[in-house]
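These protein sequence lines are chains H and E, in that order. In terms of my numbering, the first sequence opens at residue 1 and continues consecutively. In terms of my numbering, the second sequence opens at residue 117 and continues consecutively. A virtual CB, placed ideally from N, CA and C, is assigned to each residue, including glycine.
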Amino acid sequence: AQKVTQAQTEISVVEKEDVTLDCVYETRDTTYYLFWYKQPPSGELVFLIRRNSFDEQNEISGRYSWNFQKSTSSFNFTITASQVVDSAVYFCALSEGDTGGFKTIFGAGTRLFVKA
Amino acid sequence: DAGITQSPRHKVTETGTPVTLRCHQTENHRYMYWYRQDPGHGLRLIHYSYGVKDTDKGEVSDGYSVSRSKTEDFLLTLESATSSQTSVYFCAISELTRDIHSGANVLTFGAGSRLTVL
Numbered sequence: 001a002q003k004v005t006q007a008q009t010e011i012s013v014v015e016k017e018d019v020t021l022d023c024v025y026e027t028r029d030t031t032y033y034l035f036w037y038k039q040p041p042s043g044e045l046v047f048l049i050r051r052n053s054f055d056e057q058n059e060i061s062g063r064y065s066w067n068f069q070k071s072t073s074s075f076n077f078t079i080t081a082s083q084v085v086d087s088a089v090y091f092c093a094l095s096e097g098d099t100g101g102f103k104t105i106f107g108a109g110t111r112l113f114v115k116a
Numbered sequence: 117d118a119g120i121t122q123s124p125r126h127k128v129t130e131t132g133t134p135v136t137l138r139c140h141q142t143e144n145h146r147y148m149y150w151y152r153q154d155p156g157h158g159l160r161l162i163h164y165s166y167g168v169k170d171t172d173k174g175e176v177s178d179g180y181s182v183s184r185s186k187t188e189d190f191l192l193t194l195e196s197a198t199s200s201q202t203s204v205y206f207c208a209i210s211e212l213t214r215d216i217h218s219g220a221n222v223l224t225f226g227a228g229s230r231l232t233v234l
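Quick look at the structure:
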């Protein structure tokens, strides 16, 4: 069975600090997708990144970076030099199978507060 | 806009009444999903559809039914609403491909429907 654990319920940082959001997943499939979504205070859900199980390359997009490690079943998300606009709930998610679309399972989310 | 709308956006109802939430998409995506969001639980899949009249259960399907008679519409029905179904409901769409390098297989969400059952 698939499972996503985001152990950090809430994190509070001061602007310009770096912060890492942890995500640990469980799956029996060898083909799967991992995702991060952002939910700002306005409530919409926004896609940030998708990785497939065959691509362990880390990715950087501006101040955002993602570290995918199959050996520890983790897909962590780091925000460098955090800003107030980064305040949101962040969800890690997992889809199994070679289609990657059915039954996307989400973690409970990590609420990030960035103080000015 | 991603071309996905939910209605109603807000609804207050009483225990025991039927409720239907509608999700409408203009993207012609094959796959549609209903999730509920509750504090401490993240997003949990209720039902999903992989085509017209093709639906299946998710993690928390008890007390819910769905229907999809057209590609663009996916309805979620609570036959007899209970207070435990007070939640924010999100519809999502996706298009799938077996190409693992493609940009598809990503969920696009509607704005959400806040349901309060008194």
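- Here the C-alpha atom of LEU48 of chain H lies approximately 24 angstroms from the C-alpha atom of SER203 of chain E.
- Distance from the Cα of TYR166 of chain E is smallest, within the candidate group E:THR187, E:ARG152, E:SER200 and E:HIS157, for E:THR187.
- Listed along the chain, the chain H residues whose CB falls inside 7 angstroms of the CB of GLY158 of chain E are PHE91, PHE106, GLY107, ALA108 and GLY109.
- In this structure ASP170 of chain E is exposed. Its beta-carbon is surrounded by fewer than 16 other beta-carbon atoms within 10 angstroms.
- In terms of Cβ geometry, TYR90 of chain H and THR104 of chain H do not form a close pair [threshold 8 angstroms].
- For ARG50 of chain H, at least one C-beta of chain E is nearer than 8 angstroms to its own C-beta.
- DSSP places THR5 of chain H in the strand class (E or B) of the three-state scheme.
- Of the candidates H:ASN58, H:GLN2 and H:ALA7, H:GLN2 places its Cα closest to the Cα of THR31 of chain H.
- Closest option to LEU34 of chain H, judged by alpha-carbon separation, among H:SER53, H:ARG63 and H:ASN58: H:SER53.
- Unbroken alpha helix (DSSP H) stretches of 4 residues or longer found wholly inside the stretch 12-99 of chain H: none.
- Annotation for THR232 of chain E: VAL128 and THR202 place their beta carbon closer than 6 angstroms to its own, counting only its chain and skipping 5 residues before and after.
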